[in-house]
Amino acid sequence: MLHYDVQGDASWLTLDRPDKKNALHLDGWRDLRSGLDRAADESRVAVLTGVEDVFCAGDDISLIDEAETAADVDELVDSLCDVLFGIESLEIPVVAAVNGLAYGGGCELVAACDLAVAVEDATFALPETSIGAYPPYAVERVAETVGKKRLMELALTGAPIGATRAADWGLVNRVVPAGELTAAVEEYTDAIVTKPARSTRLAKQYAEISASDSGARERIRGAFQQIRSDDECRAATRAFFER
10 MLHYDVQGDA
20 SWLTLDRPDK
30 KNALHLDGWR
40 DLRSGLDRAA
50 DESRVAVLTG
60 VEDVFCAGDD
70 ISLIDEAETA
80 ADVDELVDSL
90 CDVLFGIESL
100 EIPVVAAVNG
110 LAYGGGCELV
120 AACDLAVAVE
130 DATFALPETS
140 IGAYPPYAVE
150 RVAETVGKKR
160 LMELALTGAP
170 IGATRAADWG
180 LVNRVVPAGE
190 LTAAVEEYTD
200 AIVTKPARST
210 RLAKQYAEIS
220 ASDSGARERI
230 RGAFQQIRSD
240 DECRAATRAF
250 FER
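Under our numbering, the residue at position 164 of the sequence shown is numbered 173, and the numbers go up by one with no gaps.
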């Protein structure tokens, strides 16, 4: 599911579940958190990407459908939050190398990263409301990046946007041809590792202070408990599988 590779002072974490468009199940979220923690211990910067032409399709939808109890919901929420809010608090910068589709939790991963480079045909979407869920991290954080009305367009319609529009909105830093993605990401990683480690860590730490996740996890937990008990939401999730 997750490949971990050290290239100089950068750790590359590659999501590898192509049959599910690199969607993350519980073990996937846990592996990703472990990989990020390892990168913080071993490297100056982490890079997150996916195999083939997909970055990440977000959660494996079965996670939502199978969350029958309050304990199941807690496990799901904690797995998501440990990664998404964990990227914010990680001591080293995290760069998203967006090699294709980034939907749902995949789009939220891009938003959580400190820097992001996308290929020209990458697309971004928050389709969770279509399946009886909602995009928890995006609701808590992405308005700070793209603005409330743009966030609402993504979250309420579920419609995808292209890489150029994502860059205009501030969701990604750069858009490049597919063959130039690695080189563009390495421009960032090479620049980061030439700076004193304490300086880059302080820059990230103090930039994130205003984005504390205080209370966010409990709000997300409460929202998912409501989704679990709502018949219409459950029906929308099951309809996804029937399609």
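Think of the CB as a built atom: it goes at the ideal place given N, C-alpha and C, for glycine as much as any other residue.
Beta-carbon spacing of residue i, residue j below 7 Å
i	j	result
Ile96	Ala127	no
Val184	Ala193	no
Val107	Ala134	no
Ser71	Ser20	no
Ala105	Val119	yes
Gly37	Met10	yes
Ala164	Pro145	no
Gly141	Ala245	yes
Trp178	Val155	yes
Thr138	Gly167	yes
Thr209	Ile201	yes
Val181	Ala175	yes
Pro123	Val103	What sits at residue 123 in the sequence shown is Asp, not Pro. A contact, by the Cβ cut-off of 7 Å.
Glu117	Leu93	yes
Cβ distance (whole Å) where residue i is taken to contact residue j below 8 Å
i	j	result
Asp83	Arg230	6 Å
Leu33	Asp68	6 Å
Leu85	Ala76	5 Å
Lys29	Leu110	The Cβ separation is near 12 Å, so there is no contact.
Val54	Ile101	6 Å
Leu99	Cys65	Going by Cβ atoms, the distance from Leu99 to Cys65 rounds to 18 Å, so no, they are not a contact pair.
Arg39	Tyr13	Between Tyr13 and Arg39 the Cβ distance is about 14 Å, and since that is not below 8 Å, they are no contact.
Ala79	Gln234	6 Å
Leu35	Leu22	The Cβ separation is near 17 Å, so there is no contact.
Strand pairing of residue i, partner residues [DSSP]
i	result
Gln16	Ala19
Val63	Leu110
Val56	Trp21 and Val104
Ala134	Tyr112
Leu33	Asp68
Leu11	Leu24
CB contact check: residue i to chain D, cutoff 7 Å
i	result
Gly44	Judged by its chain identifiers, the structure shown contains no chain D, having just a single protein chain.
Where are the beta strand (DSSP E) runs, 3 residues long or more, that stay fully inside the stretch 91-130, in chain order? 103-107, 110-112 and 124-128
What runs of the beta strand (DSSP E), each 3 residues or longer, lie entirely inside the stretch 169-204? Unbroken beta strand (DSSP E) runs of no fewer than 3 residues, entirely contained in the stretch 169-204, are found at 183-185, following chain order.
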